[in-house]
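Using UniProt numbering, read the sequence shown as starting at 1 and increasing by one per residue.
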Amino acid sequence: MKNLYDNVSVLKGVGPKKAEALAELDINTIYDLLTYYPFRYDDFKVKNLSDIVDQEKVTLKGKIAADPVVNYFGRRRNLLNARLLVGNDIVRVTFFNQPWLKKQMTVGEEVLIYGRFDKNKASLTGIKILSSTEGNEMNPIYPVNKHIRQKTIRDLVKLAFDEYKDSIEDIIPADIRDKYKLESQLQVIHDMHFPKTTKDAMLARRTAKFAEFFLFQMRLQSLKSEEQKDAGISIKDDTHSVEKFMGELPFQLTDAQKRVVNDILGDLKSDRQMNRLLQGDVGSGKTIVAALAILFCINGGYQAALMAPTEILAEQHANKLANLFAGTRVNVALLTGDTKAAAKKELLPRIANGEINLVIGTHTLFQDNVEYANLGLAIIDEQHRFGVNQRAKLRQKNDGTNVLAMTATPIPRTLAITSYGEMDISIIDELPAGRQPVQTAWIKEKQFDSSVDFIKQRLKSGEQIYVVTPLVEESEAVDMKNAVNIFENFKSIFEPEFKVGLLHGKMKDDEKNEVMTKFENNEYQILVSTTVIEVGVDVSNATMMIVFNADHFGLAQLHQLRGRVGRGDKKSYCLLISDPKTETGVKRMNVMVDSNDGFVISQKDLELRGPGDIMGKAQSGLPEFKIGDPVADLTMLSIAQQEAIQIVSQDDWKNITSYSKLYKYVQQKNNKKMFD
Ligand code: ADP
Ligand code: MG
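Take a look at the structure:
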């Protein structure tokens, strides 16, 4: 048997130069070449005139009925006219600017001409003359670059297939192929490149997609199961004290919150290292879940750390948790980039000796000079604001420390299955009772005046309002001006009756905190801000969110912003102001108006903008598939995942004979990194 992983240069006609050009298309081995699939086909099958529809691209077979004539118009333009006898009908054939084809059209001889047919005029606009073997075929079209022609790929694929077809074997286990009626790998490769009919090609593509997803998932799931064998800190079971604490809360946990608390405590007790993502829409109550995990950890004798993406949020968490944990053995400290050197000097030794057992802060928490006595749990709030890298770094730096990442940016299932595949996921899919959906409207900027009365009504009934403007310009100075303009404008409309505050990125942290505190205390009724308030902030008297230039935000971000209101029991509103320039832009605004469900919104965002833009390219980490589309083929992707999980969960799967090829494949591939 030949080796499919031979370099393509073993093929006749592939020298160093061609090999290099192929490598640019990621074709290095014979296997790469055979799985370099066409993205579409031209159907060259000869058809009867009566079966052709108007303007169809089609191949006609007939005899040249009279000498073709070339007419020139100026130096470059010319027409080649011929008459073709197809059955008993005469079809007029015209080629533009290909006068040399005349030589291939001898009166009385049979030819195959591919072109676009006009039914009314019974005429064909010729595209090319086919060789006799090309008719009756689906002609594959490959993605190529400027160094490689279509024909080169086609010829090489044919050559490789003929020489290596006996070595093509099935990696997907037979039971799975049977279950989903998948084709053999040999047939897939044949029918992807040389299908007889469109249906053949489609069936082959179906299997090829599944294979791609399944093999990816096998790699991911086996990595995950390896990782889970890593020892983690196991925390002594003390569920009782957590339950008691829960009983004293002013509210009942939702069923969804209870479920995820169970997931998390289960992880903490076990001797595996926890690596869990907690997903829950804005306002679903992730903080209290985190708090219970922290309490469990600290009661078990370990320290916990909570990392937030902004100083404002870290401080808010520290205040709220210090209140919540008053009278328990939890001893809270806040540590951010803002913490004064003297205060820090005093704090660090107390963290190192374990006296402080809950540290809350920004990324400074995991800088080198911060040492913990026995960190049992690290929680990352709003984890999408940190990168995949930080997630990995955190896990590496703290040996065995359990990691809980929380996010309010709902991760579409596609990303959950692929980019977060190495983590366990818990979802809070329920909001606390009594929450009313935020009513959202979209207006153009020039319509703003008409909403002033409505805004005044809100203010008169004692409610507060956020006004947000995005980073529109490259320069922060210009953005600030934008925010300042809106601020001045709001002042001129609403002051002195109501007071307007301003918050932007150029302000010092104490200034920001001061403004934020004044808003929390209702000294400001309106807060005009750049995006610093995007995440986490919790002021329940605010009932209206106004967003200028809303089309400059991602949908997930808009949903986050909107999540700042609707936190209490009063009816809340979101006013999006934008003049989108594209149809997609209009659709995106309508998605926001129509849906309050973060999962629906992020899925739509993914569909409308592509995964890279939701969380930033680096963070989306969506792997590239050659033919499968993880968004459009989500159902197939999740079936492939289930099957992979099923296989990997069998302890001895590596020793089961029918999986031996699969195992070999996974092992070989996983020696390389999955996400570089
Ligand atoms: P997020 O998931 O966006 O971080 P928070 O944890 O900030 O949400 O919770 C939003 C608000 O809901 C907080 O004021 C919190 O006290 C409250 N809350 C959390 N869980 C419940 C519950 N089960 N019932 C009622 N209110 C709750
Ligand atoms: Mg939160």
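Even for Gly, the Cβ is constructed at its ideal location relative to N, Cα and C.
Return yes when the Cβ of residue j is within less than 8 Å of the Cβ of residue i, no when it is not.
{"i": "residue 509", "j": "residue 311", "result": "yes"}
{"i": "residue 500", "j": "residue 487", "result": "yes"}
{"i": "residue 353", "j": "residue 378", "result": "no"}
{"i": "residue 627", "j": "residue 209", "result": "yes"}
{"i": "residue 28", "j": "residue 7", "result": "yes"}
{"i": "residue 262", "j": "residue 298", "result": "no"}
{"i": "residue 295", "j": "residue 314", "result": "no"}
{"i": "residue 426", "j": "residue 468", "result": "no"}
{"i": "residue 158", "j": "residue 112", "result": "no"}
{"i": "residue 160", "j": "residue 33", "result": "yes"}
{"i": "residue 276", "j": "residue 404", "result": "yes"}
{"i": "residue 140", "j": "residue 41", "result": "yes"}
{"i": "residue 586", "j": "residue 607", "result": "no"}
{"i": "residue 401", "j": "residue 233", "result": "yes"}
{"i": "residue 594", "j": "residue 555", "result": "no"}
{"i": "residue 723", "j": "residue 306", "result": "The displayed coordinates of the chain run from 1 to 676. Any statement about residue 723 would go beyond what the structure contains."}
{"i": "residue 207", "j": "residue 183", "result": "yes"}
{"i": "residue 643", "j": "residue 541", "result": "no"}
Would you kindly report the start and end of the unbroken alpha helix (DSSP H) that includes residue i?
{"i": "residue 177", "result": "174 to 179"}
{"i": "residue 665", "result": "660 to 670"}
{"i": "residue 191", "result": "185 to 193"}
{"i": "residue 592", "result": "583 to 594"}
{"i": "residue 513", "result": "509 to 520"}
{"i": "residue 161", "result": "150 to 164"}
{"i": "residue 105", "result": "From DSSP, residue 105 is part of no alpha helix (DSSP H); its letter is neither H nor E."}
{"i": "residue 255", "result": "255 to 269"}
{"i": "residue 350", "result": "341 to 352"}
{"i": "residue 17", "result": "16 to 24"}
What residues are listed by DSSP as bridge partners for residue i?
{"i": "residue 128", "result": "114"}
{"i": "residue 402", "result": "377"}
{"i": "residue 63", "result": "85 and 110"}
{"i": "residue 275", "result": "403"}
{"i": "residue 92", "result": "83 and 123"}
{"i": "residue 57", "result": "116"}
{"i": "residue 464", "result": "542"}
{"i": "residue 501", "result": "527"}
{"i": "residue 331", "result": "BP columns for residue 331 are empty, so no partner."}
{"i": "residue 41", "result": "140"}
{"i": "residue 574", "result": "440 and 545"}
{"i": "residue 307", "result": "361 and 380"}
{"i": "residue 489", "result": "DSSP, once it has assigned bridges, lists no residue as partnering residue 489."}
{"i": "residue 207", "result": "In the DSSP output, where bridge partners are listed per residue, residue 207 has none listed."}
{"i": "residue 72", "result": "78"}
{"i": "residue 145", "result": "Paired residue(s): none; residue 145 is not in a bridge."}
{"i": "residue 280", "result": "428"}
{"i": "residue 29", "result": "7"}
{"i": "residue 231", "result": "272"}
Report whether the distance from the Cβ of residue i to the nearest heavy atom of ligand 1 is below 7 Å.
{"i": "residue 251", "result": "yes"}
{"i": "residue 157", "result": "no"}
{"i": "residue 263", "result": "no"}
{"i": "residue 376", "result": "no"}
{"i": "residue 496", "result": "no"}
{"i": "residue 40", "result": "no"}
{"i": "residue 426", "result": "no"}
{"i": "residue 257", "result": "yes"}
{"i": "residue 579", "result": "no"}
{"i": "residue 538", "result": "yes"}
{"i": "residue 432", "result": "yes"}
For residue i, verify whether its CB is less than 7 Å away from any heavy atom of ligand 2.
{"i": "residue 408", "result": "yes"}
{"i": "residue 286", "result": "yes"}
{"i": "residue 281", "result": "no"}
{"i": "residue 429", "result": "no"}
{"i": "residue 381", "result": "yes"}
From which residue to which residue does the beta strand (DSSP E) around residue i run?
{"i": "residue 140", "result": "138 to 141"}
{"i": "residue 85", "result": "77 to 86"}
{"i": "residue 427", "result": "424 to 428"}
How about the segment 433 to 442 and the segment 570 to 589: do they share at least three Cβ pairs that are nearer than 8 Å? yes
Touching by the beta-carbon criterion (3+ pairs, under 8 Å), the segment 339 to 350 and the segment 318 to 327: Cβ pair count under 8 Å is below three, so no.
Using 8 Å as the cut-off, can you tell me whether the segment 149 to 156 makes contact with the segment 94 to 112, which would need three or more C-beta pairs spanning the two stretches below that distance? no
Would the segment 73 to 82 and the segment 93 to 101 be scored as touching if the rule is three or more Cβ pairs under 8 Å? Taking a contact to require three or more Cβ pairs closer than 8 Å, the segment 73 to 82 and the segment 93 to 101 qualify as touching.
Could you check whether the segment 67 to 78 touches the segment 43 to 58, counting it as contact only if at least three pairs of C-beta atoms, one from each stretch, sit closer than 8 Å? no
Take every Cβ of the segment 183 to 193, pair it with every Cβ of the segment 165 to 174, and state whether three or more of those distances are shorter than 8 Å. yes
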